[in-house]
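In what follows, a single structure is set out as structure tokens and then discussed.
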Amino acid sequence: MPPASSKNNAHSAWHREPWVWFIIGVITLAVLWGAVQLTTSILLGDAVVVDDYYKNGKAINQDLTRDKNAQKAALHATVTINTSEKIVVADVQGRLLHWPSTLTLTFQSPAFPEQDRWIRLTKIQHQEDSAHYSGHLNSDITGRYYVQLSTPAANALLANDTNDWRLTRETTLEPETPIRLTHE
Numbered sequence: 330m331p332p333a334s335s336k337n338n339a340h341s342a343w344h345r346e347p348w349v350w351f352i353i354g355v356i357t358l359a360v361l362w363g364a365v366q367l368t369t370s371i372l373l374g375d376a377v378v379v380d381d382y383y384k385n386g387k388a389i390n391q392d393l394t395r396d397k398n399a400q401k402a403a404l405h406a407t408v409t410i411n412t413s414e415k416i417v418v419a420d421v422q423g424r425l426l427h428w429p430s431t432l433t434l435t436f437q438s439p440a441f442p443e444q445d446r447w448i449r450l451t452k453i454q455h456q457e458d459s460a461h462y463s464g465h466l467n468s469d470i471t472g473r474y475y476v477q478l479s480t481p482a483a484n485a486l487l488a489n490d491t492n493d494w495r496l497t498r499e500t501t502l503e504p505e506t507p508i509r510l511t512h513e
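Sequential numbering from 330 applies to the sequence shown in this note's numbering.
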């Protein structure tokens, strides 16, 4: 006859215990969710807004050279979007010795990078203190954007030439409403 204590020590196999599977399930779920988050963060990184930044050691500093150049030249511009003809016109005024033949007009969405637009504007005429530029808009653009009108520097992050400048503004775009850009 078996001892009485053997009935109390009867154990089932570990894989038949529900708490073992619960603990294994929680650990497995945590590892899988971490892998999903890591994959998402790598594939969908933060690329919403670009500005003139350079990396100096571990500190990130904003390069304001092009903004200061626009201020020195007292530049200001009025950008008009003709939605019916899909034409963008920029009238730029200021004290520049050399008016560039092309400018870059950038519309950057603060939340949706797929809505960003870059438009190359070509000089159509200029006088001593002003120039008029025109470009083609591929699709309608409305809503909140960061607008930047700048010289097309080969590498905007390293642009230290006094001829390189930019005008920026955050605005809500509405059809046929002019956008005023200043150096301030």
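Built from N, CA and C at the ideal position, the CB exists for glycine as well.
*Leu372 by DSSP, collapsed to three states: which one?*
helix
*Evaluate the contact criterion for the stretch 412 to 420 versus the stretch 448 to 461: three or more CB pairs, one atom per stretch, below 8 Å.*
yes
*asked:* Could you tell me the alpha carbon to alpha carbon distance between Trp348 and Ser370, rounded to whole angstroms?
replied: 33 Å
*Decide yes or no for the touch test of the stretch 492 to 508 against the stretch 444 to 452: beta carbon pairs closer than 8 Å, at least 3 of them.*
no
_Environment of Leu510 [buried if 16+ CB atoms lie within 10 Å]_ = buried
*asked:* Within 10 Å of its beta-carbon, does Gln366 have 16 or more other beta-carbons around it, so buried, or fewer, so exposed?
replied: Exposed is the call here.
*DSSP state of Gln456, grouped into three classes?*
coil
*Residue range of the beta strand (DSSP E) that Asp275 falls in?*
With the chain represented from 330 up to 513, any question about residue 275 goes unanswered, as that position is not in the structure.
_Nearest-angstrom Cβ-Cβ length linking Ile453 and Ile410, presumed shorter than 8 Å_ = Wrong, their Cβ atoms sit about 16 Å apart, outside the cutoff.
*Tell me which same chain residues have a C-beta within less than 6 Å of the C-beta of Val408, skipping the five on either side of it?*
Ala419 and Ile508
*asked:* Can you tell me whether Ile410 is helix, strand or coil according to DSSP?
replied: strand
*Go ahead and pull the three-state DSSP assignment for Glu499.*
strand
*Could you tell me the distance, in whole angstroms, from the CA atom of Ala402 to the CA atom of Trp362?*
54 Å
*asked:* My output table needs one value for Ala483: the three-state DSSP class, helix, strand or coil.
replied: Reliability of the predicted coordinates at Ala483 is poor, the pLDDT of 49 falling under 50, and no value is obtained from them.
*For Asn351, does the three-state DSSP call read helix, strand or coil?*
According to the sequence displayed, residue 351 carries Phe and not Asn. Correct three-state label for Phe351: helix.
*Determine the DSSP secondary structure at His340, reduced to helix, strand or coil.*
Coil at His340, not helix or strand.
*According to DSSP, what are the bridge partners of Thr357?*
For Thr357, which the question treats as bridged, DSSP gives no partner whatsoever.
_Nearest by alpha-carbon distance to His455: which of Leu426, Phe436, Trp494 and Pro481 is it?_
Leu426
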